Ligand code: HEM
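Numbering (this note's numbering), first residue to last: 2 to 368.
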């Protein structure tokens, strides 16, 4: 113990670690009425770290070669000690990441935390949403199963609907006219290097903004406080009389992460193939199109939207418009009111939008 204390003292003399920890953790106050939903961001961070660790472990045996990829994944599942556990944690974790990301977004939406002065928190979050979609899409191809191959064929094909540059873009994404070995190479590079590093950098920026501006005050709860921010110069939103991040809220975060882990491991151990249709167990075959090829659950609404319009370009344009609207939301919805019940128009649009997304997804699943 004394050795540990001496080590801390040694570091402290050099970088002032104790002062930093005090300022950033113990004296970092959160609103007294903070709630469980504010833990979603920490759960997301935890999932991202889990994905990086399990991903690195998978890389030890995975071979990014179209002739060997499927066999290497089968080897991980059947022969590598605990390989199945690592792979299931990675595959289930990717779905959980999207689910928790949506919950984080919904809580930010309903509590109005995206409003001024947190527009940049929202915009960096929106970039993270698209990056997480990108990392899921590229990861889907790596096992080189029938599902991987045909889902990627359908997804990349949709880009061809863009006038003038569409066909060029499809070939750029695929590295050829059809999905094949060059597609695996570029998706692998994106999945294991480009996108994770970009996510890490944007998460850093997201948290930097949070630190600079302070956590938003929830619009409801035991001791409701008004947002003191005024647009007359930068002002850090402190929370006098609030609760310290460490140890108080860190314990709440830990509780939320434990609840998440219980749900996550429940799926990994009791229903590991929940997110695996049967085509995921067959090796890719470019000459045999499966009867029903569907994207992952969170892309089903996009897939169905492309199908309901007579022209694929209109389907893409509608989705582009919806995403642009979402990205710019804090600049469109500028009223100061944050309480959901005092924003009826917003509530109707938000709940309507979520129901539409779920409805299109269910339709896409059964169509
Ligand atoms: C990899 C994905 C993400 C990670 C790791 C992450 C992490 C976090 C963390 C740790 C916080 C602070 C605590 C909290 O309010 O939960 C936070 C706050 C915030 N996030 Fe995210 N986030 C992610 C994605 C998103 C997305 C997709 C959006 C919305 C489009 C978003 C918007 C915000 C906003 C507006 C805040 C400020 C909330 C406040 O001050 O009350 N984030 N994020």
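Yeah, the Cβ is synthetic: ideal placement off N, Cα and C, and Gly gets one too. Note that the structure is predicted; figures quoted are calculated from it, not measured.
query = Which of the three DSSP states, helix, strand or coil, is assigned to residue 183?
reply = The DSSP-derived three-state label of residue 183 is helix.
query = Would you call residue 88 buried or exposed, if buried means 16 or more other Cβ atoms sit within 10 Å of its Cβ?
reply = So residue 88 ends up on the buried side.
query = What number of angstroms, rounded off, separates the C-alpha of residue 287 from the C-alpha of residue 294?
reply = When rounded, the distance between both Cα atoms is 14 Å.
request  = Helix, strand or coil for residue 244, going by three-state DSSP, please let me know.
outcome  = Here residue 244 sits in strand by DSSP.
ask   = How do the region 108-120 and the region 138-155 stand: do at least 3 beta-carbon pairs fall below 8 Å, yes or no?
value = Verdict: no, contact absent.
ask   = Leaving out the 5 sequence neighbours to the left and right, which residues in its chain are closer than 8 Å to residue 73 when beta-carbon positions are compared?
value = Excluding sequence neighbours, residue 73 sits near 62, 63 and 64.
query = If we ignore side chains and look at the alpha-carbon of each, how far apart do residue 372 and residue 101 end up?
reply = This structure cannot speak to residue 372, because the chain is shown only from 2 to 368.
inquiry  = Does residue 274 pass the burial test, meaning 16 or more other C-beta atoms within 10 Å, or should it be called exposed?
reply    = By the Cβ-count criterion, residue 274 is exposed, with fewer than 16 other Cβ atoms from all chains shown falling within 10 Å of its own Cβ.
ask   = Exposed or buried, which one is residue 340 when buried takes at least 16 other CB atoms within 10 Å?
value = Burial call: exposed.
query = Taking 7 Å as the cut-off, is the CB of residue 49 close to at least one heavy atom of ligand 1?
reply = Short note on residue 49: C-beta closer than 7 Å to some heavy atom of ligand 1.
query = Measuring from the CB of residue 115, is there a heavy atom of ligand 1 at a distance below 7 Å?
reply = Result yes, Cβ under 7 Å from ligand 1.
ask   = How about residue 222 and residue 30: are their beta carbons less than 8 Å apart?
value = Between residue 222 and residue 30, the C-beta spacing is not below 8 Å.
key: Where residue 283 falls: helix, strand or coil (DSSP)   = Three-state result, residue 283: coil.
inquiry  = Which residue wins for smallest C-alpha separation from residue 120, given the options 207, 186 and 82?
reply    = For the residues 207, 186 and 82, the minimum Cα distance to residue 120 belongs to 207.
ask   = Which two residues bound the contiguous alpha helix (DSSP H) that contains residue 96?
value = In this chain, the alpha helix (DSSP H) harbouring residue 96 covers 84-111.
message = Please classify residue 263 as buried or exposed, where buried requires at least 16 other C-beta atoms within 10 Å of its C-beta.
response = It is exposed - the Cβ of residue 263 has fewer than 16 other Cβ atoms within 10 Å.
task = Could you have a look at residue 146 and say whether DSSP puts it in helix, strand or coil?
result = Residue state, collapsed to three classes: strand.
query = Cβ of residue 130 within 8 Å of Cβ of residue 188?
reply = The answer is no: Cβ separation not under 8 Å.
query = Leaving out five residues before and five after residue 60 in sequence, what residues of the same chain have Cβ atoms less than 7 Å from its Cβ?
reply = Answer for residue 60: 193, listed in chain order.
message = So, with DSSP's three-state summary, where would you put residue 8?
response = Correct three-state label for residue 8: helix.
ask   = For the alpha helix (DSSP H) that contains residue 234, what are its first and last residues?
value = No alpha helix (DSSP H) holds residue 234; DSSP gives it neither H nor E.
query = Taking the alpha carbon of residue 240 as the point to measure from, which residue in 358, 232 and 214 has its own alpha carbon closest?
reply = Nearest neighbour of residue 240 by Cα position, chosen from 358, 232 and 214, turns out to be 214.
ask   = Under the criterion of a Cβ to heavy atom distance below 7 Å, does residue 133 qualify as lining ligand 1?
value = Distance from the C-beta of residue 133 to the nearest heavy atom of ligand 1 is below 7 Å.
request  = State the Cα-Cα distance for the pair residue 159 and residue 305, rounded to the nearest angstrom.
outcome  = Rounded to whole angstroms, residue 159 to residue 305 spans 12 Å at the Cα level.
Three-state secondary structure assigned by DSSP to residue 317 = Of the three classes helix, strand and coil, the one that applies to residue 317 here is helix, per DSSP.
inquiry  = On the CB-based measure, 16 or more other CB atoms within 10 Å of its CB, does residue 70 come out buried or exposed?
reply    = Residue burial is scored here from C-beta neighbours: residue 70 has at least 16 other C-beta atoms within 10 angstroms and is therefore classed as buried.
key: Collapsed DSSP secondary structure at residue 329 in the structure displayed   = Per DSSP, reduced to three states, the secondary structure at residue 329 is coil, with no helix or strand assignment.
query = Around the C-beta of residue 77, are 16 or more other C-beta atoms found within 10 angstroms, so that it is buried, or is it exposed?
reply = With 16 or more other Cβ atoms within 10 Å, it is buried.
ask   = Can you round the beta-carbon distance between residue 280 and residue 146 to whole angstroms, since I take them to be within the 8 Å contact cut?
value = In this structure, residue 280 and residue 146 form a Cβ contact; the two beta carbons are roughly 6 Å apart against a cut-off of 8 Å.
message = Can you tell me where the alpha helix (DSSP H) holding residue 254 begins and where it ends?
response = It spans 251-271 - the alpha helix (DSSP H) in which residue 254 sits, taken as one unbroken run.
query = How long is the line joining the alpha carbons of residue 39 and residue 137, rounded to whole angstroms?
reply = Computed Cα separation, rounded: 24 Å.
key: residue 217: CB within 7 Å of a non-hydrogen atom of ligand 1   = Here the distance from the Cβ of residue 217 to the nearest heavy atom of ligand 1 is below 7 Å.
ask   = Tell me which same chain residues have a C-beta within less than 7 Å of the C-beta of residue 210, skipping the five on either side of it?
value = Taking C-beta separations shorter than 7 Å and ignoring five residues to either side along the sequence, the partners of residue 210 in its chain run 121, 122 and 125, following chain order.
ask   = Quick one: is residue 27 buried, meaning 16 or more other Cβ sit within 10 Å of its Cβ, or exposed?
value = Flag for residue 27 reads exposed.
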